[in-house]
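Student: Quick one: the structure is below, and I'll ask about it shortly.
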Amino acid sequence: MGLPEVIRVDKTKCQHCLACILVCPVKLCNIVEPDGITVKADLCIGCGECIHACREKGHDARSGIDDFPEFLQDLHSGVPLGIMLAPAAAVNYANLLPQVLTALRKIGVSNVFDVSFGAEITTYLYLQALQSGVKLPIIAQPCPAIVSFIEIYQTELIPYLAPTHSPALDVAIWLKSQPEFKHLRLAFLGPCLAKRREVHDPNTKGVVNYSITFESLDKYFLEQNINLSELQPSSFDTPEAERAVVYSQPGGLTETFNRFGVKVKQSDIPRVEGPQEVYLKYLPELIEDIKHGNAPILVDILSCQHGCNVGPASTHHRTHFQVAKAIEERKENQIAKHDSISDQKAKTLFKDFFTWLDSENLDFSRTYSDKSSNKILREPALAEEEQTWKLMHKLSTEERKINCASCGYGNCRSMMLAIVNGLNHLESCKYYLFKENEHNLHNLEAQTLEIEEARDEIAAWNEVLEETVARRTQSISNLLNNAGQGFLSFGLDLRIHDEYSTECTRIFAKDIHGLKLSGLLFPEDEEQIKFIDTLFAKILNTQDESLLELYIPLLPSEVVVDSKLIRIDYKVINFSNNRDRLCMVILTDISDQRSLESQIEKERNLLKMVVEVVVNFNDFIQSVRDFQNFCEVRLEEIINSPKTLESKVTEIYRHIHTFKGNFSQLGLISVIENLHDLESQIFHLKKNIGSKSLDDLKEFFAGFLIFSWLEKDMAGLRDILGEDFFSQEDELIISKQKLVEIEKKISMLLTPGECKMLIPELRKLCHRPFDTLLKSYPEYVSNLAERLDKLIYPVVLDAEIILVNPDLYIDFTKTLVHVFRNAVDHGLESPDERLENGKDEYGKIICQLTSTEKQIILTIKDDGRGIDTEIIRSKVVEDGIRSVEEVERLTDDETVQLIFADGLSTKEEVNELSGRGVGLAAVLDELTKLGGFLRVKTEINKGTEFSFSLPKETDGLWGVSIAELMQPLIDTTCKFFREQANLTVNYQDNFRIYEPKKLDLYKVTAIINIRGALDIAFILSFDEPVLLEIVRNFVIGELTSEEENQYMEDVLAEVTNIILGNSLKEFPGLEELVIIDTPISISSDEVLVKYLKAQIWICKMQTELGNLSLSLVIPEGITDISE
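Taking our numbering as reference, the numbering of the sequence shown is continuous, increasing by one, and the terminal residue is 1105.
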């Protein structure tokens, strides 16, 4: 349990002046903190010197703590209380002391006792102790500060402290033995703060309950308006002391002791007072005197200089002379009262009382406690001590012994220890501050020098900067002057500023400084000038952005200035003060641009006309013939017919309108414009036909060279299509090369939408019936059968007329030679074998060609021996294509598919016809490139049927194959994983069509539906570790496992979008013709259900962390491949 606090600190008033530490006899109880100097109660002895020092400085940051609040609370609660008044009250209150006793009773105190009487008892007990032979010297302990100091700091002297209590405790013990007073709770009233320590010390056994001070009591009297001078005097409730009333002054104990007539030398009872004398000198010397056996008998010792009469809680302001006089007068009064002026009478003054006291055997003994553990301070190790000295800038022995005492500790080592123990900081050391200032001054000088050097550098930089700014300003000016645009600005007065680009001068052909823009744009239109000036005024005066958006579009965006077409852009510039505003105007001469746009538009229209004419060649030729016949013959016939003029004009008008419609469908722009103009003039003629004659009619039409109107359009067609195009009127003659050139021009000049409509029409000109690609096979089969001594009927080719681009399918149809050859070589039996099996000796091979909306279906079937799956299984294992275990798991249908594997042949020997095992693999490879698939049906002794499903050539522009779509997806995926996840992706070079049950999906999968020019689904599937690695590289910052899982779905969608988006860029213009839906997550079951009927292409890939796959799916394929 810590010692009770006796000093209170108000940090808001503390000035860190260190005066408190300077006067403190123990120093280390003060803790210097940034916001004030606090007191550590366990190290404080309660002497109160710091309070005196703080008050002398005028800071009033420190004050005493007593038990007055608790005392007052019990007083108001009706607890019977007695107050023991210290001898110092005779000085503090002087002649008003009797009135103080009355005032105490007035506020509710039951009894008031004189501690001086306790001093009589204490002195008697000292005498008894001496006579009993106690250990000498006896250190008197009426001063609790002395007791605390010895118990904490000089415990060697504890055995020499008086074995009895102080006068206050001794009188309390006596009072408690008296029946009339034993029920009282006792309070000590005096000038001492340290008394609180004694009262609450366990060794005093709680005989006294409160320690209150003169300060607290006087403050309470003031609050209660108690004026001592207005009260009647009263007396103590105990016997009055004689000369022990002087106990509160130095030597008071000695004077009282001498009254007992004991002969001692003055040196045997030394009088010691004052903190500097007591703590720093006398007590340390006393220890040495005791060691040398040369100590006094009794030490009369008080902490306060001049004794308790000027204690820290006293409230008087008397001089030392007045204090001594007051004590002397009270002593004389008390001697007079007791009539003890003679030594003999004084010696026997309280003889009867002391005799009674001895008979009562009251316990006045006092014990003490060793509290040295409170002051445990850490001694630093040598390294730490040296480091602390270094921080204090005390490097030499001399610097460590400066001992200026400005820190309050008196010597540098004590300050060092305080810093080590966290009781003070470096800034409290004056020498440290001096050295710091010296160091800072040096740094400041260095910084000043650096600043001066920097200033010179900045000045040099400014010169360079000014030159650079001037250069760049000139460069910007040159740039603006040569940008081909006019830049000008104006403010609220609407007058153009001095600074404008030279292009403005060229546009307006004059100096425009100070002129208004409105007048330059519309020099002859006052109304327009006024309107534009009003708009500019509103724009430059409003702060409302919404009004700006309303006003600016009302300004002219294009004007013609001196035959130049000028585009105008406006920009309102706000300055930081939001007051001054400028309008910047940018003028661009777009005459050439418009001319170029017009030329491009003409070329675009010409190309459209070319396509329409080529595609609708017969209509074009007929329309030209009809128009020529009308111009040369029919027009004249109508004019000269016997019909009325109105009927003639009406009939001519119908013909002209019909020709305009026909040529409009063919895109002949020039002739359409002329015919439209003629229509308008005929319409006006018709209105006035009543006043016209036949000659007027003839003259009217003679004014038009109608026949020549076709020439301009025809010339354009000749430039692009060549003269051969018109060489034969009944037959379209145009080379394939010419069509390719036209297609390239269309792709360059027309929009993707227009290209999508026109280019397929051009391409159709090159189409041929699909069966023409197969016309060589019937003869080939017959010749092959003859070589192999087999009989066969002529091949049946049952074909629909399906027009296709032969270049697209030619490679595939060439590989069909392997199918026909296998049908003859492997499929058909010899005549004898066929007869043995009950078949016609002549074999049959039938080729059928049909189509649906999206598919071309080619079927090649024979009536031969069929495919023996057991033979295929054996050959597959024998050739190492599959293991035995794999083969055993294959169904018959799956086994048949193995005939397309590279290197598989059922022939035992290789000849010029077969045996290499590469033929059917080549067929499948070309089929896959086209995005097609096949189905094989076979039955032993019945024959085999190959059914090839080929996608029709798309009606759109981008008839890309699956291979052309898959490869960019694969390349983009590999690049993405390499750059974004540092993963290497491996895959097989080829990819194949799979049935739905073969669509391998992994843990996480995303799908994007693509609509428009393509009708397809893109599926991306990952092992979970692969996607997690992408998440970690995709999302910024460290993620927990839970957060990684939360991000997986979003990252999966984003990655799918990125890969697909970047892949589509490989097909220019395709982005505009497709719609990409939002990615969604799916499961493998969902895919199998959703795409039960579909064509599926898949590419399987591997990384260090797991697998992934890319798939393209065409839903609702032509054939139900699950069959």
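Don't be surprised by glycine CBs; every beta carbon is placed ideally from N, CA and C.
1. Candidates Glu876, Tyr229, Phe131 and Asp1059: which alpha carbon is nearest tyrosine 261's?
2. Taking C-alpha atoms, which residue in Ala85, Gln(-3) and Leu10 lies nearest to alanine 43?
3. Cα-Cα, which of Phe959, Leu965 and Ile1057 is closest to valine 1037?
4. Could you give the DSSP three-state label for glutamate 255: helix, strand or coil?
5. Name the one or two DSSP bridge partners that serine 580 has.
6. On the CB-based measure, 16 or more other CB atoms within 10 Å of its CB, does phenylalanine 973 come out buried or exposed?
7. Would you mind working out which of Glu681, Glu1086, Ala428 and Asn356 sits nearest leucine 965, comparing C-alpha positions?
8. Looking at alanine 763: is its Cβ nearer than 8 Å to the Cβ of isoleucine 827?
9. Determine the contact status of proline 215 and asparagine 74, defining contact as a CB-CB distance below 8 Å.
10. Do the CB positions of leucine 650 and methionine 566 come within less than 8 Å of each other?
11. For glutamate 661, collect the residues of the same chain with a Cβ closer than 8 Å to its Cβ; drop the 5 residues on either side in sequence, then sort them by chain order.
12. How many angstroms separate the CA atom of isoleucine 121 from the CA atom of glycine 18?
13. Could you check whether serine 500 and isoleucine 511 sit closer than 8 Å to each other, using their CB atoms as the reference points?
14. With DSSP as the reference, identify every bridge partner of valine 281, one or two as the case may be.
15. Just to confirm the assignment, what range does the beta strand (DSSP E) spanning cysteine 829 have?
16. Which complete alpha helix (DSSP H) runs does the segment 757 to 800 hold, if anything under 4 residues is left out?
17. Using CA coordinates, which residue listed in Arg803, Leu831 and Trp1079 is at the minimum distance from glutamate 782?
18. Is it the case that the Cβ atoms of threonine 137 and serine 347 are separated by a distance below 8 Å?
19. Do glutamate 133 and tyrosine 391 have their C-beta atoms within less than 8 Å of each other?
20. Please work out which residues of its chain come closer than 7 Å, Cβ to Cβ, to phenylalanine 163, disregarding the five sequence neighbours upstream and downstream, and give them in chain order.
21. For aspartate 1106, count the other beta carbons within 10 Å of its own beta carbon; 16 or more makes it buried, fewer makes it exposed. Which is it?
22. Please report the distance separating the alpha-carbon of glutamate 628 from that of asparagine 656.
23. State whether the segment 387 to 402 contacts the segment 7 to 23, with contact taken as three or more CB pairs (one from each stretch) at a distance under 8 Å.
24. Please check the pair leucine 210 and valine 82, which I expect to be a contact at CB under 8 Å, by giving their CB distance rounded to whole angstroms.
25. Expressed to the nearest angstrom, what Euclidean distance is found between the alpha-carbon atoms of phenylalanine 50 and histidine 407?
26. According to DSSP, is glutamine 569 part of a helix, a strand, or is it coil?
27. Classify histidine 299 as buried or exposed, calling it buried when 16 or more other Cβ atoms lie within 10 Å of its own Cβ.
28. Which residues bound the alpha helix (DSSP H) around asparagine 315?
29. Below 6 Å CB to CB, which residues in the same chain sit around leucine 86 once its five sequence neighbours on both sides are set aside?
30. Determine the burial state of glutamine 316: buried for a count of at least 16 other Cβ atoms within 10 Å of its Cβ, exposed for fewer.
31. Spatial neighbours of alanine 71 within its chain, please: CB distance less than 8 Å, with the 5 preceding and 5 following residues excluded, ordered by chain position.
32. Taking serine 148 and threonine 104 to be in contact with their CB atoms under 8 Å, please state how far apart those CB atoms are, rounded to whole angstroms.
33. Would you kindly work out how many angstroms separate the C-alpha atoms of glutamate 908 and lysine 857, rounded to a whole number?
34. Can you pull the DSSP bridge partners for leucine 1094?
35. Verify whether the separation of the beta carbon atoms of leucine 773 and glycine 825 is less than 8 Å.
36. If distances are taken between C-alpha atoms only, which option among Ile1096, Gln258, Ile155 and Ile664 comes closest to aspartate 345?
Tutor: In short:
1. Phe131
2. Gln(-3)
3. Phe959
4. strand
5. The partner list for serine 580 (beta bridge, DSSP) is empty, contrary to what the question assumes.
6. At phenylalanine 973 the pLDDT is 49, less than 50, meaning the model places this residue with poor confidence; the figure from the coordinates comes in the next sentence. Phenylalanine 973 should be labelled buried.
7. Glu1086
8. Reading the sequence as shown, one finds valine at residue 763 and not alanine. Yes, these two residues count as a Cβ contact at 8 Å.
9. no
10. no
11. Tyr635, Ile638, His639 and Lys642
12. 36 Å
13. yes
14. Ile121
15. 827 to 833
16. 759 to 769
17. Leu831
18. no
19. no
20. Gly64, Asn93 and Leu157
21. The structure shown has nothing for residue 1106, since the chain only spans -17 to 1105.
22. 22 Å
23. yes
24. 6 Å
25. 36 Å
26. At residue 569 the sequence reads leucine, which differs from the glutamine that was named. Note: leucine 569 maps to strand in three-state DSSP.
27. exposed
28. 302 to 320
29. Ile65 and Val94
30. buried
31. Leu79, Val82, Leu171, Gly172 and Phe196
32. 7 Å
33. 24 Å
34. Phe1000 and Trp1079
35. yes
36. Ile155
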